[in-house]
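Visitor:
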Amino acid sequence: MFDYLVVGAGFAGSTIAERLAAQAGKTVLICDKRPHIGGNAYDHYDDAGVLVHKYGPHIFHTNSRDVFEYLSRFTAWRPYQHRVRAWVDGQLLPIPINLDTVNGLYGTKFTSFELEGFFASVAEPVAQVKTSEDVIVSKVGRELYEKFFRNYTRKQWGLDPSELDASVTSRVPVRTNRDDRYFTDTYQVMPLHGYTRMFERMLAHPNIKILLNTDYHEIEGVIPYREVIFTGPVDEFFDYRFGRLPYRSLEFRFETLNVPVAQPAPVINYPNDNPYTRVTEFKYLSGQEHPKTTLVYEYARAEGDPYYPVPQPQNAALYRRYQELAEATPGVYFLGRLGTYKYYNMDQVVAQALTLYSKMAGVSRRESVTVHP
Ligand SMILES: Cc1cc2nc3c(=O)[nH]c(=O)nc-3n(C[C@H](O)[C@H](O)[C@H](O)COP(=O)(O)OP(=O)(O)OC[C@H]3O[C@@H](n4cnc5c(N)ncnc54)[C@H](O)[C@@H]3O)c2cc1C
């Protein structure tokens, strides 16, 4: 009899499994329906020998010292500051929008101070910022919104920004200086030997058994365990009783080229009519030296693996019904991006798992990241 069955071997499942085994001394069976651990952060060497992320580029960044220190037990890091360019009007311009973006686009020579004045002159007053469109037009006006955000968001979500929650575009700042980093978090690093190696170390504890290519439903009621931690889609767990929670999916097209470097930035966004949303060149992220390079093109899709919970008020209301049901279901804990239907980054999922663990084990959050026994 296992103490816990953990469903899903991504960041959520691997963190809670590691803590339960290593700190609380519990026995854990972790299953995943995919043929590998790591969830969406899984990386591997492709046929050409280039390290790629199978489910799209994953860049680690966090302000949480706890999360950084916790993961540092399982990996060394390489410093990496992420930069993105957008292909707009025949130019590659920095995104998030900054001083160089505007000067490059309009051929102006604004100073930071003048750019503030420019934004103030083009920004549209919005009484209450509710949608993703409101967020941007109230900061930088309609023209920049249309050039950099509107089509990108429409492609990514299949919805106009005016139909989407403010949370989607408020993740992208607007700057008046020349800082062209995508993130400004305290810790911006990539696992030195890749994510999969890190997950292998997290799950290497003798109390943890791993079962891949195995859907939860195949072992439910067959293998004995006391409690379940479910990191798959919460609506799936309850057989879609209240209907399906909508997710946005992606299709990835990988391309290997016979050159060491193919594009001038790690990621290029295409906020225009191209069928793909963005193209990533992995070697920038990994720092790998190799005579060839691999790119991934991302195409947003309505059908496919569930990647992004769709942030709209009606979906939040539907999730609340599942959440109530989840809370009333004894012996099952829900965790992670799919288990709690929330657009979390990797570090947020680790933090969520550490918090759940601290509650389950009756220890403080700080104690939850210190190792004994
Ligand atoms: C394209 C893309 C890019 C991203 N980029 C970043 C980034 O740059 N930085 C960042 O911090 N975050 C990024 N994220 C978010 C990141 O992927 C998530 O925060 C993280 O993967 C969530 O971990 P998780 O364990 O909750 O879910 P997942 O990684 O999705 O793991 C859940 C696992 O559960 C398994 N599962 C589901 N149902 C079942 C079942 N019934 N039975 C068995 N197994 C099941 C799945 O196969 C999966 O492996 C990105 C996400 C995507 C899609």
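Note that my numbering numbers the sequence shown so that position 334 is 1132, with each residue one more than the last. Just so it is clear, CB atoms sit at the ideal spot from N, CA and C, and this is done for glycine as well.
#1: Per the contact definition of three or more C-beta pairs closer than 8 Å, is the region 850-861 in contact with the region 903-917?
#2: Excluding the 5 residues flanking phenylalanine 917 on each side, which residues of the same chain have their C-beta closer than 8 Å to its C-beta?
#3: Assign threonine 1091 to one of three DSSP states: helix, strand, or coil.
#4: Between lysine 831 and ligand 1, is there a pair consisting of the residue's CB and a ligand heavy atom that are separated by less than 7 Å?
#5: If we ignore side chains and look at the alpha-carbon of each, how far apart do glutamate 1025 and phenylalanine 1052 end up?
#6: If you count every other CB in all the chains shown that lies within 10 Å of the CB of alanine 1100, and 16 or more means buried, which is it?
#7: DSSP on asparagine 1067, reduced to helix/strand/coil?
#8: Between the beta-carbon of alanine 1098 and the beta-carbon of leucine 1048, is there less than 8 Å?
#9: If I measure Cβ to Cβ from glycine 854 and keep anything under 7 Å in the same chain, skipping five residues before and after, which residues do I get?
#10: Using 8 Å as the cut-off, can you tell me whether the region 1004-1011 makes contact with the region 810-821, which would need three or more C-beta pairs spanning the two stretches below that distance?
#11: Could you have a look at valine 1059 and say whether DSSP puts it in helix, strand or coil?
#12: If you scan the region 1077-1135 from start to end, which runs of the alpha helix (DSSP H) of 4 or more residues do you find wholly inside it?
#13: Let's see if you can read the secondary structure: which residues bound the beta strand (DSSP E) around glutamate 1025?
#14: Under 8 Å, with one C-beta from each stretch per pair, do the region 918-931 and the region 953-964 reach the 3-pair mark?
#15: Starting from alanine 884, follow the alpha helix (DSSP H) in both directions and report where the run begins and ends.
#16: Are the Cβ atoms of glycine 902 and arginine 1046 separated by less than 8 Å?
#17: Relative to the alpha-carbon of phenylalanine 1105, which residue among Leu1083, Thr1029, Thr1054 and Met1158 has its alpha-carbon at the smallest distance?
#18: Just to confirm, is the Cβ distance from glycine 836 to glycine 1134 under 8 Å?
#19: Once you ignore the five residues that flank leucine 1010 on each side, which residues in its own chain have a CB closer than 6 Å to its CB?
#20: Closer than 8 Å is the cut-off here; do at least three beta carbon pairs connect the region 883-892 with the region 981-989?
#21: Within the present structure, is the beta-carbon of arginine 1076 separated from the nearest heavy atom of ligand 1 by less than 7 Å?
#22: Pull up the distance between the alpha-carbon of proline 1062 and that of phenylalanine 858, whole angstroms please.
#23: Report buried or exposed for leucine 990, applying the criterion of at least 16 other Cβ atoms within 10 angstroms of its Cβ.
#24: When DSSP labels each residue in this structure, what does tyrosine 853 get in the three-state scheme?
#25: Give every residue of the same chain whose Cβ lies closer than 8 Å to the Cβ of threonine 1173, excluding the five residues on either side of it in the sequence, and list them in chain order.
#26: Give the single residue among Tyr1038, Pro1089, Asp1071 and Thr1075 whose Cα lies nearest to the Cα of valine 1057.
#27: Could you tell me which residues DSSP puts in a beta bridge with leucine 1048?
#28: Compare the beta carbon distance of tyrosine 950 and threonine 1075 with 8 Å and say whether it is the shorter of the two.
#29: Taking DSSP as the reference, what is the three-state secondary structure of glutamine 926?
#30: On the DSSP letters alone, give me the boundaries of the alpha helix (DSSP H) that valine 1147 sits inside.
#31: Say the cut is 7 Å; is the CB of aspartate 932 nearer than that to a heavy atom of ligand 1?
Guide: So, from the data block:
#1: Under the three-pair Cβ rule at 8 Å, the region 903-917 does not count as touching the region 850-861.
#2: Working through the sequence shown from its first residue, we reach residue 917 at position 119. Only Lys937, Val938, Gly939, Val972 and Thr974 meet the Cβ criterion.
#3: Along the sequence shown, read from residue 1 onward, the residue named residue 1091 stands at position 293. Strand at threonine 1091.
#4: The residue given as residue 831 occupies position 33 in the sequence shown. Checking every heavy atom of ligand 1 against the Cβ of lysine 831, one is found closer than 7 Å.
#5: Counting from one through the sequence shown, the residue named residue 1025 turns up at place 227. Counting from one through the sequence shown, the residue named residue 1052 turns up at place 254. Spanning the two alpha carbons is a distance of roughly 39 Å.
#6: In the sequence shown, counting from the first residue as 1, residue 1100 sits at position 302. It counts as exposed.
#7: Here the question's residue 1067 lines up with position 269 in the sequence shown. Strand at asparagine 1067.
#8: Numbered from 1 along the sequence shown, position 300 holds the residue referred to as residue 1098. Numbered from 1 along the sequence shown, position 250 holds the residue referred to as residue 1048. In this structure, alanine 1098 places its C-beta atom within 8 Å of the C-beta atom of leucine 1048.
#9: As a first step, residue 854 is located in the sequence shown; it is residue number 56 there, counting from the start. Sequence-distant partners of glycine 854 (beyond 5 residues in either direction) whose C-beta falls short of 7 Å from its own C-beta, in its chain, are Leu1048, Phe1050, Val1094 and Glu1096.
#10: Yes: the two stretches touch, three or more of their Cβ pairs being nearer than 8 Å.
#11: As a working mapping, residue 1059 is identified with position 261 in the sequence shown. Under the three-state reduction of DSSP, valine 1059 is assigned to coil, being neither helix nor strand.
#12: Counting only runs of at least 4 residues, the region 1077-1135 fully encloses the following alpha helix (DSSP H) elements, listed from N- to C-terminal order: 1080-1084 and 1111-1125.
#13: One-based indexing of the sequence shown puts residue 1025 at position 227. Taken as a continuous stretch (DSSP letters only), the beta strand (DSSP E) holding glutamate 1025 covers 1023-1028.
#14: Flag = yes, the region 918-931 and the region 953-964 touch.
#15: Counting from one through the sequence shown, the residue named residue 884 turns up at place 86. From DSSP, alanine 884 is part of no alpha helix (DSSP H) but of the beta strand (DSSP E) over 882-886.
#16: The residue you call residue 902 lines up with position 104 of the sequence shown. The residue you call residue 1046 lines up with position 248 of the sequence shown. 8 Å or more divides the Cβ of glycine 902 from the Cβ of arginine 1046.
#17: Here residue 1105 refers to the residue found at position 307 when the sequence shown is read from its first residue. Before going further, note that residue 1105 is tyrosine rather than phenylalanine in the sequence given. Taking only the C-alpha atoms, the option nearest tyrosine 1105 is Thr1029.
#18: On the sequence shown, residue 836 is found 38 positions in, with the first residue counted as 1. On the sequence shown, residue 1134 is found 336 positions in, with the first residue counted as 1. No.
#19: The residue labelled residue 1010 in the question sits at position 212 within the sequence shown. Here the set comprises Asp830 and Pro833.
#20: Touching, no.
#21: Mapped onto the sequence shown, residue 1076 falls at position 278. It does not: the Cβ of arginine 1076 is nowhere closer than 7 Å to a heavy atom of ligand 1.
#22: The residue you call residue 1062 lines up with position 264 of the sequence shown. The residue you call residue 858 lines up with position 60 of the sequence shown. Distance between the alpha carbons of proline 1062 and phenylalanine 858 is about 21 Å.
#23: Indexing the sequence shown from 1 puts residue 990 at position 192. With fewer than 16 Cβ atoms within 10 Å of its Cβ, leucine 990 is classed as exposed.
#24: On the sequence shown, position 55 is the one that residue 853 refers to. Here tyrosine 853 sits in coil by DSSP.
#25: Because the chain spans 799 through 1171 in this model, residue 1173 falls outside it and cannot be assessed.
#26: Numbered from its first residue, the sequence shown carries residue 1057 at position 259. Residue Pro1089 holds the alpha-carbon nearest to the alpha-carbon of valine 1057 among Tyr1038, Pro1089, Asp1071 and Thr1075.
#27: Here residue 1048 corresponds to residue number 250 of the sequence shown, with the count starting at 1. For leucine 1048, DSSP records a beta bridge to Ala1098.
#28: Locating residue 950 in the sequence shown gives position 152, counting from the first residue. Locating residue 1075 in the sequence shown gives position 277, counting from the first residue. Yes, Cβ-Cβ distance for tyrosine 950 and threonine 1075 is below 8 Å.
#29: Taking the sequence shown and counting its residues from 1, the one referred to as residue 926 is at position 128. Coil at glutamine 926, not helix or strand.
#30: Reading the sequence shown from its first residue, position 349 is the one you call residue 1147. Element bounds for valine 1147: 1144-1159.
#31: By one-based count along the sequence shown, residue 932 stands at place 134. False, no ligand heavy atom lies under 7 Å from that Cβ.
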